[in-house]
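Residue numbers (the numbering used here), protein chains in the order written: chain D, 3 to 407; chain B, 3 to 407. C-beta atoms are modelled at their ideal positions from N, C-alpha and C, and glycine is treated no differently. What follows is one structure encoded as structure tokens, with my remarks underneath.
Protein chains: 2
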Amino acid sequence: MKAAIMGYGVVGSGVGKILRENADIIAAKLEEPIEIKYVLDLRDFPGDALEDKLTKNFEDILNDDEVKLVCEAMGGTKPAYDFTKRLLEAGKHVVSSNKELVATYGFELLNAAKKANVNYLFEASVGGGVPILRPLWQCLAGNHIKKVYGILNGTTNFILTKMYNEDMPFEQALALAQELGYAEKDPSADIAGADVCRKTCILASISYGKHIDPAQVQTQGIEDIQIRDVAYAKANGYEIKLLGYCEKLESGKIDAIVSPFFVPKENQIATVSDVFNGIVVVGDMVDEVFFYGRGAGSLPTASACVGDMIDCAMHADKRKNFGWGARDKDFVENHSACQSRYYVRGTGDINAVKKALGEVAFLSLQGAPLDEVVFLTEAAQESELDARLAAIENFQIEAKIRVLT
Amino acid sequence: MKAAIMGYGVVGSGVGKILRENADIIAAKLEEPIEIKYVLDLRDFPGDALEDKLTKNFEDILNDDEVKLVCEAMGGTKPAYDFTKRLLEAGKHVVSSNKELVATYGFELLNAAKKANVNYLFEASVGGGVPILRPLWQCLAGNHIKKVYGILNGTTNFILTKMYNEDMPFEQALALAQELGYAEKDPSADIAGADVCRKTCILASISYGKHIDPAQVQTQGIEDIQIRDVAYAKANGYEIKLLGYCEKLESGKIDAIVSPFFVPKENQIATVSDVFNGIVVVGDMVDEVFFYGRGAGSLPTASACVGDMIDCAMHADKRKNFGWGARDKDFVENHSACQSRYYVRGTGDINAVKKALGEVAFLSLQGAPLDEVVFLTEAAQESELDARLAAIENFQIEAKIRVLT
């Protein structure tokens, strides 16, 4: 089958490499090998193995009827949305690693694929090389998904691991991540949680059947995490992790958030360190399942793209029934109305806290100042909790972090 | 779509329950619901929700052209092999949780499915509710699988966890597992590794493309693990786990074995305790991925069966290209020729060991007798290592356990 790669950066070049180096194993599964006819990129790649396939003109791919399969690894929504839509409408299968595109326009593109009876697959868009979307959609299809949450960004997890294991302040850990090539020069999309938000939207859309937009998901990054809070986590049996989190509420709405969480050590998610990703799915029948591996990097991400390409090539005339419904602006519950436990660190009078909150679990840390009051709350609506915290006399909140339960 | 369940025990009744209780979510994915028309079992189930579907006659299912989909949860090969083959030949999709059947006759049954252009799927046969076969076959299709290994039996892992965490002797831990319903009255298939062997064969057949028979895989259970060796593992940063293990060798053959292993604490497999299952796949492109969850139990296992049933119903006229090649009696390397590190505990003279083996890592344990000599060997062929160990003067081997590297 003739194919094209759009975007020849980290992921796209990895796809080229896998198709070349593992041609034997791919050929063994297919009647016809996958052959790259075009590589779309505005840059030149002198000496590259696919140099003679390079084009700067998208129309070459769109108008070539021989090309039945395209891997989109451009990133961003412009021009990826327009390109992808036109390819699908032209009856070509498209696979993608582009989480921003899927999180923003997944519903529209899946619909275009359905109309044209072709596949639009994007296993690489969440968890990089970790198989998660296909297992979630197919293997767990008989379950109501109660919760799905995970560590979806390797850069921030690397930083948090350094803060946790080596008491390294945030700025120093970020600088180290940049030095090692794990973080961009402008690290804001990772650090502030936008990347995790997109992946969370994709997980939620698959799990709950309606398109969830990044704008619907309250998103907080890791910039405000203090070494002091890391120390309390360590001393009391918790990790601190940046999670994308969604849960189906009894109301039928969903609680979706990107935020740092206190994670109990016993949870499998607590075992995910450095640049690795890990995702927990809780189904009503299967209970808890956990997926772990490399969430980024050229070859792991390309491995997921190539898996999708092989699936398309193997079943070229057989569209997979895969997709979700339209947006529903009221589907995500206002976060202040969601229930959770919280870790709270503040300064003030412990007796005032006891009087106001009653049953809370106080945390201790050797050598802490006498007026530092730190505790885990019972589960409560955030708005209600905030009101109760604000009403405590002589108590100044320094940090408030959600607790995974 | 009209369907049947064959075998209404732990798994089969779970399938009935999920189809009933989660009919809403299943209907949302399918144009037509999955409706159970027959349940095949020799027993009666008075008062059961599917009581009026019960039949003792297989021919009722085989000869009913309305039935397009059958879940086989009978276990064993007789009559499951004959029944499954005839159903596939009659053009019905079959899903199965039956690891013994797949490990023994998978090649023949997949071929029968191919000829009839129907699906034979068995996600539930390995790892129970844990999605592993579909991710391995589809998501990782672009990888050469370097290794695949895992904790594939909850009963033995529960026993080992008790031995490890509570210093409980094997017999006592087994009795507890029986009391809690985790182990059968006759626990031999679990304890001696036969159950793990079947699952290992299925993983190896998918990963390496040729049918691997249980008879080809050297299998050792957990009966001979001593608390003394558990103590050495704990004191030196290891867990002891019963693993199904396969690795592609440079020769093109595979190293496949079921055996207890010393597992380094840093490996994700070491985090799998109690009755849980966990599987690591190492691909040449994706590196290491890990899957974790409930490997047994009515609803988790049935969750996997129902996922397969939905896949069949969703793509009823679209057979998945899934299968593997015929047996090759020379494909599995003789175990004595495979390389590995070993943990060795013996009695004798440490200097004689040093003289014979040179570079080995000696392990210590507080209060150990002076003549107890314990070490981890370098990687070596087992036959060569055995010869060298046997040649050490005044050294009596008490235990030898493979080390996961």
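Spatial neighbours of residue i in its chain, beta-carbon cut-off 6 Å, leaving aside the 5 residues before and after
i              : result
C307 (chain B) : V17, C73, V97, S99 and A126
P133 (chain D) : none
F124 (chain D) : S98 and V104
Best match in the options for proximity to residue i [C-alpha to C-alpha]
i              : options                           : result
E395 (chain B) : B:L378, B:A339 and B:G348         : B:G348
R296 (chain D) : B:L301, B:D289, B:Y294 and B:G299 : B:D289
N118 (chain B) : B:W139, B:D50 and B:E91           : The sequence shown places Ala at residue 118 (chain B), not Asn. Nearest C-alpha to A118 (chain B): B:E91.
G195 (chain B) : B:F263, B:F364 and B:A114         : B:F263
D231 (chain D) : D:R136, D:D54, D:V376 and D:E386  : D:V376
D197 (chain B) : B:I224, B:A177, B:E181 and B:L182 : B:I224
D50 (chain B)  : B:L359, B:A206 and B:R22          : B:R22
T303 (chain B) : B:T57, B:T379, B:G11 and B:A5     : B:G11
V69 (chain D)  : D:M8, D:D84 and D:K101            : D:M8
L359 (chain D) : D:G350, D:G369, D:Q341 and D:E380 : D:E380
D54 (chain B)  : B:E61, B:F60 and B:L42            : B:L42
R343 (chain D) : D:F333, D:A328, D:V334 and D:V362 : D:V362
A105 (chain B) : B:L176, B:I208, B:I38 and B:P266  : B:I208
L325 (chain D) : D:K212, D:E102, D:F160 and D:I36  : Looking at the sequence itself, residue 325 (chain D) is Gly, so the reference to Leu does not match. Per the Cα distances, D:K212.
S253 (chain D) : D:D276, D:G246, D:V334 and D:D67  : D:V334
A25 (chain D)  : D:P48, D:A114, D:M311 and D:I153  : D:M311
N121 (chain D) : D:K94, D:L142, D:G129 and D:V128  : D:K94
I204 (chain D) : D:E173, D:L103, D:G309 and D:I242 : D:L103
L71 (chain D)  : D:N238, D:E37 and D:D46           : D:E37
C141 (chain B) : D:A392, D:D319, D:G309 and D:G369 : D:G309
T163 (chain B) : B:F109, B:L244 and B:A115         : B:L244
K322 (chain B) : D:N323, D:A75 and D:M316          : D:M316
Which of helix, strand or coil DSSP assigns to residue i
i              : result
G16 (chain B)  : helix
R390 (chain B) : helix
V104 (chain B) : helix
Y122 (chain B) : strand
I271 (chain D) : helix
V128 (chain B) : coil
V265 (chain D) : strand
D408 (chain D) : With chain D represented from 3 up to 407, any question about residue 408 (chain D) goes unanswered, as that position is not in the structure.
I147 (chain D) : strand
T57 (chain D)  : strand
V362 (chain B) : coil
E181 (chain B) : helix
F377 (chain B) : strand
A5 (chain D)   : strand
E37 (chain B)  : strand
I204 (chain B) : helix
I403 (chain B) : strand
I161 (chain D) : helix
G49 (chain B)  : coil
G152 (chain D) : strand
According to DSSP, residues forming a beta bridge with residue i
i              : result
Q341 (chain D) : D:Q383
T1 (chain D)   : What the structure shows of chain D is the stretch from 3 to 407, and residue 1 (chain D) is not part of that stretch, so it cannot be assessed.
Q398 (chain B) : B:T349
Y294 (chain D) : D:G280 and B:F292
D321 (chain B) : In the sequence as displayed, the identity of residue 321 (chain B) is Arg instead of Asp. R321 (chain B) pairs with nothing; no bridge assigned.
K356 (chain B) : DSSP, once it has assigned bridges, lists no residue as partnering K356 (chain B).
G327 (chain B) : B:K212
G285 (chain B) : B:I147 and B:D289
V308 (chain B) : Paired residues: none, contrary to the question.
V198 (chain B) : DSSP, once it has assigned bridges, lists no residue as partnering V198 (chain B).
Closer than 7 Å: residue i CB and nearest the ligand FAD heavy atom
i              : result
A175 (chain B) : With respect to the ligand FAD, the structure shown offers nothing to examine, as it has no ligands at all.
Same chain only: Cβ atoms within 7 Å of residue i, ignoring 5 sequence neighbours per side
i              : result
S15 (chain D)  : S300
Y234 (chain B) : R347, L365, L367 and V376
M287 (chain D) : G144 and N145
H337 (chain D) : Q220, I259 and E384
D373 (chain D) : T349 and G350
A179 (chain D) : T157, F160, I161 and A185
Whole alpha helix (DSSP H) elements within the stretch 226-251 of chain B, 4-residue minimum = Taken in chain order, the complete alpha helix (DSSP H) segments of 4 or more residues contained in the stretch 226-251 of chain B are 229-237.
message = Which runs of the beta strand (DSSP E) at least 3 residues long sit entirely within the stretch 59-116 of chain D? Give them in chain order.
response = Counting only runs of 3 or more, we get 69-74 and 95-98.
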